Amino acid sequence: MNNSKHSNVLIIGGGCAGISVASRLHSLKSDLNISIIEPSDKSLYQAAWTLVGAGAYDKDKTIKSMSEVMPSYVNWIKSHAQSFSPESNTVKTSDGDCTYDYLVVCPGLKLNFDGVAGLKESLGKNNVCTNYDADMAVYTWECLKNLNGGTLLFTEPPMPIKCAGAPQKIAYLAADHLKKKGMLDNSNLEFLCAKPVIFGVPHFQGPLNEVCDSYGIKRSFQHNLISVDGNAKEAVFKQSDKDGNSKEVTKKFDFIHVTPPQTSPDFIKNSPLADAGGWVDVDHKNGTLRHTKYENIYSLGDVMNAPNAKTGAAVRKQAPIVAHNIIKDINKSSDEYRLYDGYGACPLTVAYGKVMLAEFCYGGKVTPSFPFDPTKPSSFYWQMKSKLFPWLQWNVMFKGKEWSKPAHKAIAK
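Residue numbering for the sequence shown is 4 to 416, as defined by our numbering.
Structure, rendered in structure tokens:
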């Protein structure tokens with residue numbers, strides 16, 4: 004840990020995006036003075052929490068100490084970023100001001116548990132759970148393994164959220180678990196989501212609806228959870244129609260998995276870096292991921308406003324792009340900027356041991372990396388989800404390496 008106040012590159016956030024960018028920058032230019040502002044003691048592999056919630060992964064394997072993963076060549080500023088003064092290249096933290104030549108903003112997003120009335124009070128009791136927290140994911144599995152059927156609800160809030168497939172993944176695993184116990188016929192499962200379709204990429208909508216049909220999972224679209232009462236085991240949804248009319252619908256449950264609403268962090272939302280929606284405003288149309296107003300500021304990961312899926316797979320593509328573009332700026336080189344094309348991926352766990360691997364770019368264009376039909380559930384993809392992808396974060400992305408480098412379109416500037 005170091006309290007150096009000026010950095011060539013200052014990074015806000017020491018999660019997957021921040022450490023990946025720092026490591027990639029160092030691999031490209033080892034004499035850079037790089038600092039990361041990160042208050043947490045823990046580094047997380049969040050993508051496995053769906054599996055933790057299904058009893059298929061050890062929670063402890065998703066958590067490492069920050070000191071273990073923070074690169075030795077990085078100045079770790081263990082503090083909270085509070086505000087930005089981009090005209091003076093300054094970030095105010097809880098321990099004073101830090102200045103920079105270049106700034107990378109990637110603190111992730113905020114889980115807004117207060118956005119659903121009664122949710123904070125209900126979580127962790129009465130079979131009210133969420134996989135968007137490691138400890139809560141453990142509770143999800145405790146609930147499922149002790150369940151003998153009944154009414155199970157699975158919710159999805161309005162976009163954007165991180166890992167948009169996660170709300171339905173646990174529904175499939177819960178259904179498969181009940182099927183293996185011989186209790187699926189005694190169960191009523193319902194997936195209630197705020198959007199009008201099951202998945203944002205059209206190519207996968209039909210296959211996912213078929214998966215739901217195979218388990219008997221009811222789909223209720225344009226249903227947004229607004230309150231939960233764990234003691235009464237009741238959930239209230241705002242049901243909307245295509246004409247904008249809405250009404251409240253109350254549903255009883257024996258088990259409910261809630262995906263909380265998600266927003267940008269308050270210190271981002273109220274900053275000069277944010278767009279009207281509160282997200283960091285980057286040039287995603289050209290793909291540089293540079294801020295639209297401040298040329299020495301870049302952003303990636305969940306906090307920026309590109310219309311891509313907020314996933315670790317997206318960060319795996321974004322981090323080398325941001326690092327390359329910063330080095331180009333520093334060196335004033337004639338190299339072309341590398342451009343982000345909206346790539347994201349979502350391993351859809353449709354059963355224990357079976358995954359559909361949805362890979363796509365902007366506009367829902369399907370971009371599979373492997374010569375298989377991605378809509379066909381595969382044990383190969385399950386092995387990737389449960390074994391390869393965690394290894395990639397800890398041993399490739401965090402080491403400044405690039406796996407499966409894409410052929411990007413590029414522009415000179």
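The beta carbon of each residue, even a glycine, is placed where N, CA and C say it ideally should be.
Just so it is clear, the structure is predicted and the values come from calculations on it, not from any experiment.
Taken in chain order, the complete beta strand (DSSP E) segments of 3 or more residues contained in the segment 324-370 are 347-354 and 357-363. Under the DSSP definition of a beta bridge, Glu237 partners with Asp232 and Lys255. With the rule of 3 Cβ pairs closer than 8 Å, the segment 135-142 does not count as touching the segment 117-124.
Taking a 10 Å sphere around the C-beta of Leu303, we find 16 or more other C-beta atoms and assign the residue as buried. In the structure shown, Phe392 adopts helical secondary structure according to DSSP, grouped into three states.
The beta-carbon separation of Tyr340 and Thr291, rounded to 5 Å, stays under the 8 Å limit for a contact. For Cys196, the enclosing beta strand (DSSP E) has its first and last residue at Ser190 to Cys196.
With a beta-carbon spacing of about 6 Å, Thr262 and Pro160 fall inside the 8 Å limit used to define contacts. In the structure shown, Lys95 falls within a strand segment according to DSSP collapsed to helix, strand and coil.
In this chain, Arg222 is not harboured by any alpha helix (DSSP H); it is covered by the beta strand (DSSP E) spanning Lys221 to Phe224. In the structure shown, Glu159 falls within a strand segment according to DSSP collapsed to helix, strand and coil. Secondary structure of Gly118 (DSSP, three-state): helix. Ile80 is not a Cβ neighbour of Cys109, given a cutoff of 8 Å. DSSP, read as helix, strand or coil, puts Val24 in helix. Contact check for Cys349 against Thr314 passes: the beta carbons are separated by less than 8 Å. In the DSSP assignment, Gln321 forms no beta bridge with any residue. By the neighbour-count criterion, in which 16 or more other beta carbons inside 10 Å mark a residue as buried, Ile40 falls on the buried side.
Within the same chain, Cβ atoms closer than 6 Å to the Cβ of Tyr76 are found at His29, the five residues on either side in sequence being excluded. The closest CA to that of Ala235, considering only Asn129, Asn151, Lys288 and Glu251, is found on Asn129. Around the CB of Phe207, 16 or more other CB atoms lie within 10 Å, so the residue is classed as buried.
Per DSSP, the continuous alpha helix (DSSP H) segment holding Ser382 begins and ends at Ser382 to Gln386. Annotation: the continuous alpha helix (DSSP H) that includes Ala140 extends over Ala137 to Lys148. CA-to-CA, the gap between Lys368 and Asp98 works out to about 45 Å. Restricting attention to Leu126, His226 and Ile22, the CA atom closest to the CA of Asp232 is found in Leu126. The C-beta distance from Val131 to Ile259 rounds to 6 Å, short enough to meet the 8 Å contact threshold. In the structure shown, Gly153 adopts extended strand secondary structure according to DSSP, grouped into three states. In terms of CA proximity to Ser382, Met359 leads the group Thr370, Asn311 and Met359. Annotated three-state conformation of Phe207 is helix, per DSSP. Note that the C-beta distance between Thr53 and Ala174 is not below 8 Å.
The three-state reading of DSSP puts Ser217 in helix, counting H, G and I together.
Contact between Val306 and Ile271 holds: their C-beta atoms lie close to 6 Å from each other, under 8 Å. Val12: member of the beta strand (DSSP E) spanning His9 to Ile15, first to last residue.
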